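K.L.:
Quick note, the sequences are listed as chains D, S, V and Z, same order. Residue numbers are given in our numbering: position 32 of the first sequence equals residue 32, and the series is strictly consecutive. Residue numbers are given in our numbering: position 153 of the second sequence equals residue 1153, and the series is strictly consecutive. Residue numbers are given in our numbering: position 93 of the third sequence equals residue 2093, and the series is strictly consecutive. Residue numbers are given in our numbering: position 311 of the fourth sequence equals residue 3311, and the series is strictly consecutive. Yeah, the Cβ is synthetic: ideal placement off N, Cα and C, and Gly gets one too. On a predicted model such as this, the values are computed, not experimentally measured, just so you know. Got a structure here, written out as structure tokens. Questions coming.
There are 4 protein chains.
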Amino acid sequence: MPEQNAERLQRIHVAALDEILGLAFPVLDDGFVRVVDYMGDDAAVVQAARVSYGEGTKKVSDDRGLIRYLLRHRHTTPFEMCEIKLHVRVPMDAWRQWIRHRTASVNETSTRYSIAIDRAQRTAPEQWRIQAANNRQGSDGELAPDAGAMLTQQEADLQDRIRAVYDERLEQGVAREQARKDLPLCTYTEAYWKIDLHNLLHFLALRMDSHAQQEIRDYATVIGDQIAARWVPITWEAFQDYRFGSLSLSRVERRILAEAGQGRRDEARAIADEAGWLKMSAKTGDLVRHRERAELETKAQELGITLPWQKD
Amino acid sequence: MPEQNAERLQRIHVAALDEILGLAFPVLDDGFVRVVDYMGDDAAVVQAARVSYGEGTKKVSDDRGLIRYLLRHRHTTPFEMCEIKLHVRVPMDAWRQWIRHRTASVNETSTRYSIAIDRAQRTAPEQWRIQAANNRQGSDGELAPDAGAMLTQQEADLQDRIRAVYDERLEQGVAREQARKDLPLCTYTEAYWKIDLHNLLHFLALRMDSHAQQEIRDYATVIGDQIAARWVPITWEAFQDYRFGSLSLSRVERRILAEAGQGRRDEARAIADEAGWLKMSAKTGDLVRHRERAELETKAQELGITLPWQKD
Amino acid sequence: MPEQNAERLQRIHVAALDEILGLAFPVLDDGFVRVVDYMGDDAAVVQAARVSYGEGTKKVSDDRGLIRYLLRHRHTTPFEMCEIKLHVRVPMDAWRQWIRHRTASVNETSTRYSIAIDRAQRTAPEQWRIQAANNRQGSDGELAPDAGAMLTQQEADLQDRIRAVYDERLEQGVAREQARKDLPLCTYTEAYWKIDLHNLLHFLALRMDSHAQQEIRDYATVIGDQIAARWVPITWEAFQDYRFGSLSLSRVERRILAEAGQGRRDEARAIADEAGWLKMSAKTGDLVRHRERAELETKAQELGITLPWQKD
Amino acid sequence: MPEQNAERLQRIHVAALDEILGLAFPVLDDGFVRVVDYMGDDAAVVQAARVSYGEGTKKVSDDRGLIRYLLRHRHTTPFEMCEIKLHVRVPMDAWRQWIRHRTASVNETSTRYSIAIDRAQRTAPEQWRIQAANNRQGSDGELAPDAGAMLTQQEADLQDRIRAVYDERLEQGVAREQARKDLPLCTYTEAYWKIDLHNLLHFLALRMDSHAQQEIRDYATVIGDQIAARWVPITWEAFQDYRFGSLSLSRVERRILAEAGQGRRDEARAIADEAGWLKMSAKTGDLVRHRERAELETKAQELGITLPWQKD
């Protein structure tokens, strides 16, 4: 038996999370996310970090300051000390993106073992998104209502037809593992998904991002704003400040902005030129389109710095 | 610059694998597996193990003996020292099972970015498998030819219809990321898949197994018999002997077999009884069905040992 | 806000583990292991497995039977759904072996940041182990008491001297990160160590094994027998039965035992001969020593099977 | 056999790396790093990315532009497609930091199996570093020569004494696994270390950083500047630009700099005040020291932006 005089612990509980334990936050037309269990909280991050630091920092930093310091300097292991387990219901095509994150533990409903969930995600008439012109993997605005209505009706008919074929195969005795093969990619599935806080934040940074596909972004937003915010409010705030709302300047960008910001316009121009950002089109006499230069111009504008190739 | 008098190395090449580099081994009706690159071979396993052992074993064991020793005793790190990269074309439903193995690196074709591959896996009339009665997640035999022919025709019509809807959505301007949502689960995708030898063997142990679904089993069999066998022939032989063809006896099974094998039938029976394996049905007067007892009976028969509750 | 009519959950608690939460189990002369927090229990394993199986098995298997089935057939993901966090104090040389397990999360005391723990593991006179003759990496018995007493005194003097040098360096203003460089490998360190149940069982299978070094084995035994046994008693029992107490027969061993067990001695001998296990020494006229044959002989004896090259 | 008409591949070779294959780059007084083998190069990163993008980008981007785009936007999987294997000789205390990176494969010399390497890292008189005052885990400058000389002599005597005790234990028959326990933390060890390019870059970002301990930084610098630079020159250049030389602005920093840069000093001050960065000391009448404010001041100075609480 353990020593009698040792320090006794109480398990960490987060009242704000206990309140919503097991409740399903609806996502999309028939999906949900619910918290099954969790381990640790903001204090557990601090507790683990203090082991690394020994006694040394106990007085120096308060908890909030320490968490912000850890996140700002991209420390990771203390955030691994918290863990959360979710039960999700999600279309398989969004799930395909989801499980590319290899750092989670997963148990998913098997459609070999059981009949597939009788529900695929359906798109409302106003939800058909237009292919973006300037971003091959994005969308931009929605289709007109009447075009949308047609596609929605067509989708409903198609999904009904597919399900009928699936049911007929089962009736004919076809093995479930084979009968499912023509179900739509957006058929709903369910899973338990367990991940530590560090890897959850990484998942949310990518999937709450404006470049993520709308469907998985809806899930990520619920997990972030409804669940992480209740679970680890200090970490969540720090994540907003240092990761989600941060701006990164590359070495070249720093150098150009530094020269331009300090009024050395020629030096700034020389650096951009050397980087190949200032090629002129012989035809138009204008600067040739350049992705990195365009990104810098946006950043410079935000910081109130005029670049040497721009008009004041 | 490095020291001049240091030992110089040549890169490891495997002639038998170089011969098939880049060649596509066909799988299913339109899939393939091809080797893109690799690092290491049987000798690299030995080389890494000898670092662990220092100079000590150089004389003791020959390479083959060392590899077999490592695999028999479930050493893993020396096998991680070899790496292989494959290019695969595979239906998405098989791919779903494939990427549950989290220890590989993956780049998959994005159907957000590009139009989906215009091909879904099609099932020939004689390939429709019947749901197994005694195994909820397996299949057992094939449907009769005429039933199969009907399902095959129905599948072709359905897949054509789904593709037509997909194409129409694209024509209407729907974003690719959304248009794809009703494509069949068995739509082909392509990916680069990179994994180390230890984790590859684990993948093959699970996916070449008779309980794996036929489709992924077809891929695993090609990877094992055509690729791993050429790449690391000694490791592959040892894997057959110690993993794939091995038999495991649980503690209770060992105890029962030991007693029965040495003629102590009462002791053997007592152990099985205590484990709850010998309950009698009041109705039939026979032993109640028990999964673990049934498994033991199969093993005992193989070893020529008669169990005390069996007739000689 | 989540739906009102959704199923509500209570967090899982394990009374037997809550009782020892935070209490330090002593290990070695100055080490300990204590449970900081945990998530899940045996029921959580079942809960996750049932998601995979859908509704299908609810009636079929009771919880204990399902857990045993999962472990027997080496299912892994349901066991990943439980997590435990320990606080350990351990000599750095044992810790070196410990953190080779890459699947855990770790926060260790930094001796860059803080002064090193003023304690190295000391060996009692009766604890000096003799190098094993037949196993290069093991030990076998203990030194005689007087030899041990001398070594223990020598160790105490050495550790005192090393610590004095460390202290003097710090006094001279040397950076902690450098001053520590000559501290003994067995200096105690502390860490938080968090791991899921599947990977914990893998750790315990390796580190409770008789081939593990005594020091880490002492830690593993406490974690297994005192902590895992309280936390997940059904899983722990199944682990004993199917992993720790199991016996594995290779393909060749199976074939030889099957032939011998069924009385076909010539066939059994032929298989062993073909495998190269029956080479005769020209000098002695006896069988040449062969590691795999020796292993088989031990297994055959346990099962009461006489091998054809053995005397009845 | 594979299809005859399939595309044939040649293995990727990097001439600049082949030239140094196996050669030992010396590090510290007796350590080294040498390349054992590798898989892939810059082109393999591009090749994998193009699979993701399908045919779409073939014309758009040249290879260099694509690699820079991938690294700038923190894409990771294409960089996982390259792998490198190193043989290193390194003091155990630096190795302890090294193997905290859990994404590599490792085979290390076992001092259970073999006698420990008869060499510990020795510190020259001019290499004793002074504990930093303003950074608990860093160093700052070196000790005076005479103090250094004394410590160096003391270290040599101590290491000789420790080794003599180790040798005597072995002579007495003590098991190697136990005899080693008082060897210094800086005893040299050797290992094979294999890692993919993405994780190597992450390792280098942390260990080439000015906050890393000098010893591991020496190793990382050799791996980066001598090996990675030869292996994947385009990726290495991009890494310098976007990771190593980059500057990150938090959400608050962005907002303050934007307001200040655009001349809205009051708004800038209000944001800093709300964040708690502008507390005044009642005693001195100056701003209280604040770590985040100090970091921002450094960044603002670089960009030529005057903050409202600073004098012009």
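1. Excluding the five sequence neighbours on either side, which residues of its own chain have a C-beta within less than 8 Å of the C-beta of V1106 of chain S, listed in chain order?
2. Out of Z:L3028, Z:I3084, Z:A3043, state which residue places its alpha-carbon closest to the alpha-carbon of D1196 of chain S.
3. With a CB to CB cut of under 8 Å and the five nearest residues on each side skipped, what residues in its chain are close to F2079 of chain V?
4. Determine, using beta carbons only, whether E1297 of chain S comes closer than 7 Å to chain D.
5. Would you verify that the beta carbon of R3251 of chain Z is, or is not, closer than 7 Å to some beta carbon of chain D?
6. Flag V2165 of chain V as yes if its beta-carbon sits less than 7 Å from any beta-carbon of chain Z, otherwise no.
7. What residues are listed by DSSP as bridge partners for T3361 of chain Z?
8. How many Å lie between V1090 of chain S and D209 of chain D at the Cα?
9. Identify the continuous alpha helix (DSSP H) that holds E1080 of chain S and give its terminal residues.
10. Which chain S residues sit within Cβ distance under 8 Å of P2954 of chain Z?
11. Could you tell me the alpha carbon to alpha carbon distance between E3109 of chain Z and V1051 of chain S, rounded to whole angstroms?
12. What residue range is occupied by the uninterrupted alpha helix (DSSP H) comprising R3072 of chain Z?
13. To the nearest angstrom, how far is it from the Cα of V2027 of chain V to the Cα of M39 of chain D?
14. Counting along the chain, where does the beta strand (DSSP E) carrying M3280 of chain Z start and finish?
15. Give me, in chain order, the residues of the same chain whose beta-carbon lies closer than 7 Å to that of W2277 of chain V; leave out the 5 immediate sequence neighbours on both sides.
16. Kindly list, in the order they appear in chain Z, the residues whose Cβ is closer than 7 Å to that of A2147 of chain V.
17. Can you name the start and end residues of the alpha helix (DSSP H) that E2267 of chain V belongs to?
18. Cutting at 7 Å between CB atoms, please list the residues of its own chain near T2221 of chain V, excluding the five before and the five after it.
19. Whose Cβ in chain D lies nearer than 7 Å to the Cβ of G3261 of chain Z?
20. Leaving aside the five residues before and after P1184 of chain S along the sequence, list all residues of the same chain whose C-beta is less than 7 Å from its C-beta, in chain order.
21. Taking buried to mean at least 16 other C-beta atoms within 10 Å of its own C-beta, is Q1097 of chain S buried or exposed?
22. Return no unless some Cβ of chain D is closer than 7 Å to the Cβ of V1027 of chain S.
23. From D:A147, D:H73, D:V36, D:A175, pick the residue whose C-alpha is nearest to that of V88 of chain D; which is it?
24. Going along the chain, which residues of its own chain have a beta-carbon closer than 8 Å to the beta-carbon of Y2166 of chain V, five neighbours each way excluded?
25. List the residues of chain S whose Cβ lies closer than 9 Å to the Cβ of R2254 of chain V, in chain order.
26. Can you find the residues in the same chain that come closer than 8 Å, C-beta to C-beta, to I3012 of chain Z, ignoring five residues on each side of it along the sequence?
27. Looking at chain D, is there any beta carbon in it that lies within less than 7 Å of the beta carbon of K1059 of chain S?
28. Residues of chain V with CB closer than 8 Å to the CB of V14 of chain D, please, in chain order.
29. For the region 2073-2102 of chain V, which residues have a CB atom closer than 7 Å to at least one CB atom of chain D, in sequence order?
30. Go ahead and pull the three-state DSSP assignment for R129 of chain D.
31. Just verifying my parser: in three-state terms, what is the DSSP assignment at E3237 of chain Z?
32. How long is the line joining the alpha carbons of T1057 of chain S and R3112 of chain Z, rounded to whole angstroms?
33. By how many angstroms is the C-alpha of R3102 of chain Z removed from the C-alpha of W3095 of chain Z?
34. Suppose the cutoff is 6 Å on Cβ atoms and the five residues either side in sequence are ignored; what does the same chain contact list for L204 of chain D look like?
35. Using the three-state DSSP reduction, which class does H1101 of chain S fall into: helix, strand or coil?
36. Could you name the residues of chain Z that L143 of chain D contacts, counting a contact when the two beta carbons are closer than 7 Å?
P.N.:
By the coordinates alone:
1. Position 106 of the second sequence, counted from the first residue, corresponds to residue 1106 of chain S. Result list for V1106 of chain S: I1099, A1191, Y1192, W1193, K1194, in chain order.
2. Counting from one through the second sequence, the residue named residue 1196 of chain S turns up at place 196. Considering only alpha carbons, the answer is Z:I3084.
3. For the purposes of this step, residue 2079 of chain V is taken as the residue at position 79 of the third sequence. Excluding sequence neighbours, F2079 of chain V sits near V2045, L2070, L2071, D2196, L2197, H2198, L2201, T2235.
4. The residue labelled residue 1297 of chain S in the question sits at position 297 within the second sequence. Judged by the 7 Å Cβ criterion, E1297 of chain S is not in contact with chain D.
5. For the purposes of this step, residue 3251 of chain Z is taken as the residue at position 251 of the fourth sequence. Yes - at least one Cβ of chain D is within 7 Å of the one on R3251 of chain Z.
6. Along the third sequence, read from residue 1 onward, the residue named residue 2165 of chain V stands at position 165. The Cβ of V2165 of chain V sits closer than 7 Å to at least one Cβ of chain Z.
7. The displayed coordinates of chain Z run from 3001 to 3312. Any statement about residue 3361 of chain Z would go beyond what the structure contains.
8. Numbered from 1 along the second sequence, position 90 holds the residue referred to as residue 1090 of chain S. Numbered from 1 along the first sequence, position 209 holds the residue referred to as residue 209 of chain D. V1090 of chain S and D209 of chain D: Cα-Cα distance of roughly 30 Å.
9. Counting from one through the second sequence, the residue named residue 1080 of chain S turns up at place 80. That residue, E1080 of chain S, is in no alpha helix (DSSP H); it is neither H nor E in DSSP.
10. A question about residue 2954 of chain Z goes unanswered here, because the residues of chain Z that appear run from 3001 up to 3312.
11. Taking the first residue of the fourth sequence as position 1, residue 3109 of chain Z is located at position 109. Taking the first residue of the second sequence as position 1, residue 1051 of chain S is located at position 51. In the sequence as presented, Glu is not what sits at residue 3109 of chain Z; that position holds Thr. Going from the Cα of T3109 of chain Z to the Cα of V1051 of chain S covers about 5 Å.
12. Taking the fourth sequence and counting its residues from 1, one reaches residue 3072 of chain Z at position 72. R3072 of chain Z -> alpha helix (DSSP H) spans 3063-3072.
13. Reading the third sequence from its first residue, position 27 is the one you call residue 2027 of chain V. Reading the first sequence from its first residue, position 39 is the one you call residue 39 of chain D. In this structure, the straight-line span from the alpha carbon of V2027 of chain V to that of M39 of chain D is close to 26 Å.
14. Sequence index remark: in the fourth sequence, residue 3280 of chain Z carries index 280 (1-based). Segment: none, M3280 of chain Z is in no beta strand (DSSP E) and carries neither H nor E.
15. The residue you call residue 2277 of chain V lines up with position 277 of the third sequence. H2290, E2292, R2293, listed in sequence order.
16. Sequence index remark: in the third sequence, residue 2147 of chain V carries index 147 (1-based). Within 7 Å Cβ-Cβ: Q3172.
17. Within the third sequence, numbered from 1, the residue matching residue 2267 of chain V stands at position 267. E2267 of chain V -> alpha helix (DSSP H) spans 2265-2274.
18. Here residue 2221 of chain V corresponds to residue number 221 of the third sequence, with the count starting at 1. Within the same chain, T2221 of chain V has close Cβ partners M2208.
19. Counting from 1 along the fourth sequence, the entry for residue 3261 of chain Z is found at position 261. Ordered by position in chain D, the residues that pass the 7 Å Cβ test against G3261 of chain Z are L303, G304, I305.
20. If you number the second sequence from 1, residue 1184 of chain S lands on position 184. Closer than 7 Å at Cβ, skipping near neighbours: A1120, Q1159, I1162.
21. For the purposes of this step, residue 1097 of chain S is taken as residue 97 along the second sequence, with counting starting at 1. Classification of Q1097 of chain S: buried, given that the 10 Å Cβ count is 16 or more.
22. The residue given as residue 1027 of chain S occupies position 27 in the second sequence. So no, V1027 of chain S is outside the interface.
23. Position 88 of the first sequence holds residue 88 of chain D. Considering only alpha carbons, the answer is D:V36.
24. Here residue 2166 of chain V corresponds to residue number 166 of the third sequence, with the count starting at 1. Within the same chain, Y2166 of chain V has close Cβ partners A2116, A2179, R2180, D2182, L2183.
25. Within the third sequence, the letter at position 254 stands for residue 2254 of chain V. In chain order: G1245, S1246, L1247, E1302, L1303.
26. As a first step, residue 3012 of chain Z is located in the fourth sequence; it is residue number 12 there, counting from the start. Within the same chain, I3012 of chain Z has close Cβ partners M3039, G3040, D3041, A3043, A3044.
27. On the second sequence, position 59 is the one that residue 1059 of chain S refers to. Note that K1059 of chain S scores a pLDDT of 44, beneath 50, so its modelled location is shaky and nothing firm can be said.
28. If you number the first sequence from 1, residue 14 of chain D lands on position 14. Within 8 Å Cβ-Cβ: nothing; V14 of chain D doesn't reach chain V, min ~10 Å.
29. Those would be T2077, P2078, E2080, M2081, E2083, K2085, in chain order.
30. Indexing the first sequence from 1 puts residue 129 of chain D at position 129. In this structure, R129 of chain D counts as strand in the three-state DSSP scheme.
31. Residue mapping note: residue 3237 of chain Z aligns to position 237 of the fourth sequence, counting from 1. Helix.
32. As a first step, residue 1057 of chain S must be located in the second sequence, where it is residue number 57. As a first step, residue 3112 of chain Z must be located in the fourth sequence, where it is residue number 112. With a pLDDT of only 45 at T1057 of chain S, under the threshold of 50, the placement of this residue in the model should not be trusted, and no figure is reported.
33. Taking the first residue of the fourth sequence as 1, we reach residue 3095 of chain Z at position 95. Taking the first residue of the fourth sequence as 1, we reach residue 3102 of chain Z at position 102. Taking the straight line from one Cα to the other gives about 13 Å.
34. On the first sequence, residue 204 of chain D is found 204 positions in, with the first residue counted as 1. A220, G224, listed in sequence order.
35. Taking the second sequence and counting its residues from 1, one reaches residue 1101 of chain S at position 101. H1101 of chain S falls in the coil class under three-state DSSP.
36. Translated into positions along the first sequence, residue 143 of chain D becomes position 143. None at all; the shortest Cβ gap to chain Z is about 23 Å.
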